[in-house]
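The structure appears right after this line, and notes come after that.
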Amino acid sequence: FIYNHRRNIDARPRKLNLLAKQIRYLPLPHAIQQMEFSVKKAAMSIKEVLIETQEKAKTEHGITDVSSLWVCKYYKFH
Numbered sequence: 381f382i383y384n385h386r387r388n389i390d391a392r393p394r395k396l397n398l399l400a401k402q403i404r405y406l407p408l409p410h411a412i413q414q415m416e417f418s419v420k421k422a423a424m425s426i427k428e429v430l431i432e433t434q435e436k437a438k439t440e441h442g443i444t445d446v447s448s449l450w451v452c453k454y455y456k457f458h
């Protein structure tokens with residue numbers, strides 16, 4: 381389980397949620413491709429977070445095959 385996030389993205393939560401639904405349950409490389417071809421402004425921020433997560437998986441967790449990583453839904457418990 382690798383968790384990564386970014387605060388203060390300049391986009392409305394509803395628009396971010398629509399993009400998140402688009403890439404949820406996709407392999408990480410496919411999710412990055414989806415965000416590359418999206419014309420929405422928030423897609424660039426999401427793509428950057430996905431790339432940061434990919435690099436974090438390689439450096440901190442030693443995962444060499446990033447195609448085995450999937451985007452999933454995260455529940456924040458208070």
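Residues in the sequence shown are numbered from 381 upward in steps of one, following this note's numbering. Virtual Cβ for every residue (Gly too), placed ideally from N, Cα, C.
Cβ-Cβ distance between residue i and residue j below 8 angstroms
i	j	result
Val451	Tyr405	yes
Val446	Pro409	yes
Proximal residues to residue i (C-beta, below 8 angstroms), its chain only, five neighbours per side dropped
i	result
Val429	Asn384, His385 and Arg386
Leu399	Met415, Ser418, Lys420, Ala422, Ala423 and Ile426
Gln402	Gln414 and Ser418
Beta-carbon proximity list for residue i, same chain, < 7 angstroms, skipping 5 on both sides
i	result
Glu416	Lys427
Same chain only: Cβ atoms within 6 angstroms of residue i, ignoring 5 sequence neighbours per side
i	result
Ile443	Ala437
Ala391	Ala422
Strand pairing of residue i, partner residues [DSSP]
i	result
Pro393	None; Pro393 has no bridge partner.
Counted within 10 angstroms of its Cβ, other Cβ atoms place residue i as buried (16 or more) or exposed
i	result
Lys439	Checking the displayed sequence, the identity of residue 439 turns out to be Thr instead of Lys. The residue is exposed, with fewer than 16 neighbouring Cβ atoms inside 10 Å.
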